[in-house]
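The structure appears right after this line, and notes come after that.
Protein chains: 2
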Amino acid sequence: MMMRRDRLLLAVTLTAIFAADLYFVLVPKLRHRQPGPADGGCLCPSSRGTNFTLAGYSGLTTPWFSNTTSVDLQGKGVGATDDSTDWGSKLGRLFAHPLYNIQTPELGLEERLMQSEELMEYYRRKVSRWERHMKLYSKAAAALNVTMLEHQVTFDPEASWLKFHLGINRYALYARDNPAITRLLQDMQATTVISADYTQDEKALKGACDCTQVVKPSGHHLKLALKMQNFGKAMFKPMRQQRDQETPDDVFYFVDFQRHNAEIAAFHLDRILDFRRVPPVVGRLVNVTGEILLTTHNEDLRSVFFTSPANNTCFFAKCLYVCKTEYAVCGNPDLLEGSMSAYLPGLSIAPRISIPNPWIRSYTFTGREEWEVNPFYCDTIKQLYPYNSGNRLLNIIDMAIFDFLIGNMDRHHYEIFTKFGDEGFLLHFDNAKGFGKHSHDEMSILAPLSQCCIIKHSTLLRLQLLSQDHYRLSDVMRESLGGDALQPVLAEPHLQALDRRLHRVLKTVHRCFRRLGEAQVITTDFIDTSTMPESVKPVAMPNKER
Amino acid sequence: MMMRRDRLLLAVTLTAIFAADLYFVLVPKLRHRQPGPADGGCLCPSSRGTNFTLAGYSGLTTPWFSNTTSVDLQGKGVGATDDSTDWGSKLGRLFAHPLYNIQTPELGLEERLMQSEELMEYYRRKVSRWERHMKLYSKAAAALNVTMLEHQVTFDPEASWLKFHLGINRYALYARDNPAITRLLQDMQATTVISADYTQDEKALKGACDCTQVVKPSGHHLKLALKMQNFGKAMFKPMRQQRDQETPDDVFYFVDFQRHNAEIAAFHLDRILDFRRVPPVVGRLVNVTGEILLTTHNEDLRSVFFTSPANNTCFFAKCLYVCKTEYAVCGNPDLLEGSMSAYLPGLSIAPRISIPNPWIRSYTFTGREEWEVNPFYCDTIKQLYPYNSGNRLLNIIDMAIFDFLIGNMDRHHYEIFTKFGDEGFLLHFDNAKGFGKHSHDEMSILAPLSQCCIIKHSTLLRLQLLSQDHYRLSDVMRESLGGDALQPVLAEPHLQALDRRLHRVLKTVHRCFRRLGEAQVITTDFIDTSTMPESVKPVAMPNKER
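As they're listed, the protein sequences go chains Y and E.
For the first sequence, UniProt numbering assigns the number 1 to the initial residue and increments by one for each residue that follows.
For the second sequence, UniProt numbering assigns the number 1 to the initial residue and increments by one for each residue that follows.
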């Protein structure tokens, strides 16, 4: 009897200790190790690249509902969408919400960026020029004894990149339910690369390396334009930094690395915010030998390749010759991860203008711009064209919110399509400087919002939705990024930072409410119909009227 | 009674668990955290800099015994040294060993690098030139409104750097028992800095930044010459890399960072190997504002200072303007750690020659030098002057062993004092590329030893001694480095690597024994008396005769 008691006591003690260990040590460790999607989807790095299926992208094709007008921020009953939605998926739930299912009016010709015939003609010309070029180049390469891979090109009128270009309209770069976007991401992730080259702005520099002239050569010079077999084109930015590394505090934003994972994550965030102003981006493991060195026709590019002491194939920034191998990126031994961003239609057929951001930074060690010292800066801006009418200023504020969430201080310019005039949306290009520091929220990025104290009603409603547990921004981002070949795309602290920053955006809006009243701050998304072609007129969206 | 038993059982169980926790968790953790000296000396980082006492350097002043001729590798009984030696200190034991107490013959005038009168005259001229310069400069600075700190200079005939320069002789840079060396280390660690400037070779570059011309601008350009109040001069190399970071495998040795801690550790290792061919080096926390920015008279140097986004004072490499702040180093907010290496006497009074290392590397991505492809390379070298006679080749092999131990692949040139002619020792300058990777032993650095298969008898005996548990190299290094202000100077894996590499050196020697026989391999340290002045003749050291 006594023995039994002893045993019981011992058993109880050990069980208690075991339970405590389980609770305080093991569980937190496991939690820490698996920052994966809430549904327990596999995050194993071994699934990267080779056998990648785009299951995670199924969320991209939620239907484009047509009869929803009421906004239900509780997200409880959304009528017609109930049946088709996976309620275990926060992302599915988000995209099924009425706020995300506001119908765009029937699009007139002038509201689409590209006409089908024009684009096809352009495509055909490109292919035949390529074929002529290849005939000459193959001979030259054989004569010079240059090893190169030759791939057949295909003329495919159904190519995903064509569909993407054709889908661009005056409201956004793509519709969320456009299946061509899913295909485009798959293509950029897996299709054969037939040639590689420096990008146009790289070529414009002509290898210039005078640091007093070029603001930031360091990050730029490693990005490349890759052409796919079906003639789709993507900008490749190689990995420069580990996901768990933070940008050191002493580094200025304008010399910070470009991060391939920031480029990928920014696309997903933009889509989740329903802006759809970032061209599609996907992660890819690129074979630097087979897909760059052996496909490029650019002698300069070929000349920057070398084999590292560890026998990996590497290449370095063009203008920083030999001694600058610190800037090199290396495959392992050939495979290098990076981001692939879909190209927009060429400037010759779809011109864009680049406009300095009114809240530009000084890009010097000590300089300060007016907005940093003048709290009434926005009053001046509001008087100036094109910020004095239309929704340009509201779009700038959308962009500031987006940049604040990703922590991007490097938005010196923004671009718009010439065709859509001053009322067109702003392209959120080049987001690779984002996600550098998760532990710091750079409040100055929010200056347009905090100084102007206006925000689009539709934007505010979506931000409020994403701040709810039911949809939480970090959770939908984790789920969305879980489908990428390079998952986990973001380290967990960066996802957590999104929630914290979202909260700070909403706090900033509430401070504006207290200062000026809601009516002054929340602004109906406004389109000046007088400057638009006839077909564009019925544009005010249902939820934007208050 | 039953209660008591239960309590006892509970107490025993808890005690057992606590003991297990203590043994398996706490102790390893503490061990891991405190890789400090075996004698339990304080390793707290807070002791760095301000209240630093040179207790750890007491080992520097072991007596210079005069009557020891027999070599006792077991290190058990060493007669006269027994009483004065701290047997708890492996370093004390090592320096008390007869091998480390071989008397140098009385030095003739020609065997000393400097004559006292000549050096004093040089010193006086320097001081008066400085005073003239300061009068003019102070006026100019006041006119230009440049803030600067002015310090009094002192003329001190007993200055430690003077004593160091006077002690340099044809056998070594210093005697281990010279108390001036301990003072010199203390001075470099704590004396007021009165001016800072670029180094001479930096100035020779004139900010040149053409990477095809300059092999390795990246590391070089941040080193500075600092002048002390007593006119001693030291080369400051700032910290560029954390102690636990390893150089990535893809980085070529010639673009690797310079490491301040490698510079410090190399001085200690050289002293432990009893070469004494590295000028004294010590760690220091330098105030980059007070001791560099506000003391320099060089406008170029002042212009590269800036305040980082984290409000730290930083400066960057001269030739890599603005955009190259990646290369900057920053104080915190002003204090920056670095190495201080004592300057040798100026070239005008003690000229040196720089000679290419016969085992130089190619400094290109793909090039190979002859020694890398020709296994009989040493036979060629042995025919060539000055390697065909005297002990130059043996000195090269000493240097190769030293470089292999620290993992330095960057020994493109070596220097000798002109005065001592071809028989002078080789200076082991510029060791900051060492200690980059602890996990890799670069066997090619040992090529001079493995290809020539000769080694000085005295060197081999010391290496054998250091491979014994009784003296173990890593232990004496840890103890020696424990006295530096920036301790721990080396991360523990680097110390462990020293033992492993020492073992590989000895294995290489034994392979030579098997190939050629001991008699062929072990070489009496030879000095060709015919080329030396009369006073130098009685030079063969007792232990070097077999």
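We put the CB at the ideal spot given by N, CA and C, even for glycine.
Computed from a predicted model, the values in this text were never measured in an experiment.
Inter-residue Cα distance where the pair is residue i and residue j
i	j	result
residue 397 of chain E	residue 98 of chain E	23 Å
residue 433 of chain Y	residue 266 of chain Y	10 Å
residue 405 of chain Y	residue 522 of chain Y	20 Å
residue 499 of chain Y	residue 467 of chain Y	7 Å
residue 464 of chain E	residue 263 of chain E	25 Å
residue 462 of chain E	residue 273 of chain E	7 Å
residue 343 of chain Y	residue 228 of chain Y	12 Å
residue 304 of chain Y	residue 298 of chain Y	11 Å
residue 170 of chain Y	residue 137 of chain Y	40 Å
residue 258 of chain Y	residue 178 of chain E	54 Å
residue 194 of chain Y	residue 339 of chain Y	17 Å
residue 441 of chain E	residue 489 of chain E	20 Å
residue 511 of chain E	residue 329 of chain Y	40 Å
residue 445 of chain E	residue 359 of chain E	9 Å
residue 439 of chain Y	residue 477 of chain Y	18 Å
residue 331 of chain Y	residue 308 of chain Y	10 Å
residue 100 of chain E	residue 392 of chain E	22 Å
residue 126 of chain Y	residue 198 of chain Y	18 Å
residue 116 of chain E	residue 158 of chain E	11 Å
residue 366 of chain Y	residue 311 of chain E	11 Å
residue 192 of chain E	residue 261 of chain E	22 Å
residue 289 of chain E	residue 334 of chain E	6 Å
residue 388 of chain Y	residue 370 of chain Y	19 Å
residue 183 of chain Y	residue 240 of chain E	46 Å
residue 234 of chain Y	residue 223 of chain Y	10 Å
residue 225 of chain E	residue 487 of chain E	23 Å
Own chain residues within Cβ distance below 7 Å of residue i, not counting five before or after
i	result
residue 368 of chain Y	362
residue 594 of chain Y	This structure cannot settle anything about residue 594 of chain Y, because the visible part of chain Y is limited to 1 through 546.
residue 581 of chain Y	Residue 581 of chain Y is absent from the structure shown; chain Y starts at 1 and stops at 546.
residue 437 of chain E	246, 247, 407
residue 417 of chain E	113, 350, 352, 424
residue 130 of chain E	153
Chain-ordered chain E contacts of residue i [CB-CB under 8 Å]
i	result
residue 308 of chain Y	249, 250, 251, 252
Cutoff 8 Å; reference residue i; Cβ partners in own chain excluding five residues on either side
i	result
residue 119 of chain Y	162, 165, 166, 345, 349
residue 275 of chain E	172, 398, 402, 425, 428
residue 354 of chain Y	413, 414, 415
Under 7 Å from the C-beta of residue i: neighbouring residues of chain E
i	result
residue 378 of chain Y	The contacting residues do not exist; residue 378 of chain Y stays about 24 Å from chain E at best.
Within chain Y, partners of residue i - CB distance below 9 Å
i	result
residue 330 of chain E	248, 249, 250
residue 312 of chain E	249, 250
Beta-carbon contacts of residue i that lie in its chain and below 6 Å, excluding the five residues immediately before and after
i	result
residue 292 of chain Y	196
residue 315 of chain E	304, 305
residue 104 of chain Y	171
Original post:
Are three or more beta carbon pairs between the stretch 453-468 of chain E and the stretch 240-248 of chain E nearer than 8 Å?
Top reply: With a cut-off of 8 Å, the stretch 240-248 of chain E and the stretch 453-468 of chain E do not count as touching, because too few Cβ pairs lie within range.
Original post:
Closer than 7 Å, Cβ to any Cβ of chain E: which residues of the stretch 432-454 of chain Y, in chain order?
Top reply: If you check each beta-carbon in the stretch 432-454 of chain Y against every beta-carbon of chain E, none falls closer than 7 Å.
Subject >> the stretch 188-195 of chain E / the stretch 277-285 of chain E touching (three or more Cβ pairs under 8 Å) >> reply: Segment contact: the stretch 188-195 of chain E against the stretch 277-285 of chain E, three or more CB-CB distances shorter than 8 Å; contact assigned.
Original post:
Touching or not, the stretch 463-475 of chain Y and the stretch 494-513 of chain Y, by the rule of three or more beta carbon pairs under 8 Å?
Top reply: In this structure the stretch 463-475 of chain Y touches the stretch 494-513 of chain Y; the number of beta carbon pairs closer than 8 Å is three or more.
Original post:
Closer than 7 Å, Cβ to any Cβ of chain E: which residues of the stretch 349-381 of chain Y, in chain order?
Top reply: Going along the stretch 349-381 of chain Y in chain order, one finds 365 with a Cβ nearer than 7 Å to chain E.
**OP:** Kindly confirm or deny that the stretch 103-111 of chain E and the stretch 139-158 of chain E touch, where touching means at least three C-beta pairs closer than 8 Å.
**Re:** Counting Cβ pairs under 8 Å, fewer than three are found: no touch.
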